Amino acid sequence: MVGPDEVLEFWLDEAGPKGWYMQDEAFDAEIRKRFEAAWEGACEGKYSMWLTHPSGVLAYLILTDQFPRNMYRGSKAAFSTDKLALAAAKAAISKKWDMKIDEPARQFFYLPLMHSENLCDQDRCVRLMKERMPVEGPSNLLHARAHREVIRLFGRFPYRNEALARHSTEPELDYVMAGGYGETVRLLQAAS
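Residue numbering for the sequence shown follows this note's numbering, beginning at 132 and increasing consecutively.
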C-alpha cells in the first residue's frame, strides 16, 4: 500500500515544478503505473487517515486532484475525484494546515478550489492565492483569475464538455474556437 511520503517524494522531488503542469504521455503512464491502485483506494475511502495531518492532506490532494488529471487526461475519470479533493482541501484550509506547508507545494491546497465549477470556490481560490502564496509566483494568481473568469462567463469549464459528455452551447463553442483558456490568460496578462 502506498503511503503519503511516497506520493510527496514523487510529486515534489522527482517530478518537481517542471513536471507539475506538463503534458507528456510517458509521465502520465508513470503516474498510472505507480499510483493508479492508490487512487482507486482513495475512491474507496482507504486513505482517510491521511486527512489527519497537513502533509497527509497534501499527499491526498495530489492523489485525488492532480494524479487523475494525468492518469486519465481527456476523459471523465480525470475529474471523478474532484469532490473528494475539494472537501479535503476545504477542511484543511479551515484548520490553516495549508500554512504548515512551504511554497510552492502549498498551491495544491488551493487547486481543488480552482478546479471547481462553483464561483464561490473560484473567488476563494483567488483570495487564497493573493494572501497565502508568494509574490514572486504571480502565475498562480493569474491562473486562479483565469479559471474564475471562465466560470463567471459559463458557469462551467467548456473544455471539459466533451470528456464529461455535456452539450456545448454556441457561446462555449465560440470561446473554445477563439483560443479558450489560453486566450483568457493572455487577455488577463495584457490587462494587468
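A virtual CB, placed ideally from N, CA and C, is assigned to each residue, including glycine. Keep in mind it's a predicted model, so treat the numbers as computed, not measured.
Residue range of the alpha helix (DSSP H) that includes residue i
i	result
Arg165	156-174
Ser323	Segment: none, Ser323 is in no alpha helix (DSSP H) and carries neither H nor E.
Tyr152	Premise fails: Tyr152 is in no alpha helix (DSSP H) and is neither H nor E.
Ser186	185-192
Leu244	242-245
Helix, strand or coil at residue i according to DSSP, with G and I counted as helix
i	result
Arg279	helix
Val133	coil
Asp229	helix
Thr359	Summary: the structure shown does not reach residue 359, with the chain confined to residues 132 through 323, and so no result is reported for it.
Met264	coil
Gly147	helix
CB-CB length for residue i against residue j, believed under 8 angstroms
i	j	result
Phe158	Val138	At roughly 15 angstroms, the Cβ-Cβ gap does not stay under 8 angstroms, so Phe158 and Val138 are not in contact.
Counted within 10 angstroms of its Cβ, other Cβ atoms place residue i as buried (16 or more) or exposed
i	result
Leu284	exposed
Asn201	buried
Met230	exposed
Leu143	buried
Asp252	buried
Leu244	buried
Neighbourhood of residue i by C-beta distance below 7 angstroms, restricted to the same chain and skipping five residues each side
i	result
Ser206	Ala294
Cutoff 8 angstroms; reference residue i; Cβ partners in own chain excluding five residues on either side
i	result
Arg204	Gln154, Asp159
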